[in-house]
Amino acid sequence: MIPSTPGVTPLRQRMLDDMRMRKLEPKTQAGYLRAVRRLAVFLKASPDIATVEDLRRFQLHLVDRGTSPITLNATITGLKFFFDVTLGRIEQATASQFRSRSCCVLTGLLNEAWLSEPARGEQAEVPQTSHS
Numbered sequence: 000m001i002p003s004t005p006g007v008t009p010l011r012q013r014m015l016d017d018m019r020m021r022k023l024e025p026k027t028q029a030g031y032l033r034a035v036r037r038l039a040v041f042l043k044a045s046p047d048i049a050t051v052e053d054l055r056r057f058q059l060h061l062v063d064r065g066t067s068p069i070t071l072n073a074t075i076t077g078l079k080f081f082f083d084v085t086l087g088r089i090e091q092a093t094a095s096q097f098r099s100r101s102c103c104v105l106t107g108l109l110n111e112a113w114l115s116e117p118a119r120g121e122q123a124e125v126p127q128t129s130h131s
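In this text, residue positions in the sequence shown follow numbering that gives the first Met the number 0: the first is 0, and each later residue adds one.
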């Protein structure tokens, strides 16, 4: 562990260490830290005290401000990392109220496409028609 930087809170240092252990890229780390900082500013309090309802209100706040779907997804991903990995509060990270609709739609479309494709080397199944 790198000695903590003066002026960095223990919570931020822990998150930095968690991201370093997972070898996240510097831009990813910056994005995750920005997401947590935005939540803290919204709450006017430490982000580790946020409830599921706080997260829901924060997401609605971002949407109401016109935050793009890409930025919204990046923010949610950073907060999921914070709550799941840094705090070990999986219930906050996976709360159904704190999901991005576009992310869920994209995941559904990818799963549907993957399930409908034949496996490598297999022929696609052609529906049989019955002749009387």
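Cβ atoms here follow ideal geometry from the backbone N, Cα and C, with glycine treated the same way.
Cβ shell of residue i (< 6 angstroms), same chain only, five flanking positions each side left out
i     : result
PRO46 : VAL35, LEU38 and ALA39
LEU32 : none
ARG11 : none
Own chain partners of residue i with C-beta closer than 7 angstroms, once the 5 adjacent residues on each side are dropped
i     : result
PHE41 : PHE57 and HIS60
Chain-order list of residues whose beta-carbon lies under 8 angstroms from that of residue i (same chain, five-residue window excluded)
i     : result
ARG88 : PHE82
ALA73 : GLY30 and ALA34
VAL7  : LEU15
THR66 : THR74
VAL62 : LEU71
ILE48 : LEU42
LYS26 : none
Residue i vs residue j beta-carbon contact at 7 angstroms
i     : j     : result
THR85 : ARG13 : yes
GLN28 : MET18 : yes
Start-to-end residues for the alpha helix (DSSP H) that takes in residue i
i     : result
PRO68 : 68-80
GLY30 : 25-42
PRO46 : Where PRO46 is concerned, there is no enclosing alpha helix (DSSP H), given that its DSSP letter is neither H nor E.
VAL62 : 51-63
ARG21 : Here ARG21 belongs to no alpha helix (DSSP H), and DSSP marks it neither H nor E.
Buried or exposed (CB count within 10 angstroms, at least 16 for buried), residue i
i      : result
ALA44  : exposed
GLY77  : buried
VAL104 : Its pLDDT being 45, under 50, VAL104 is placed unreliably in this model, and the value from its coordinates should be taken loosely. Exposed.
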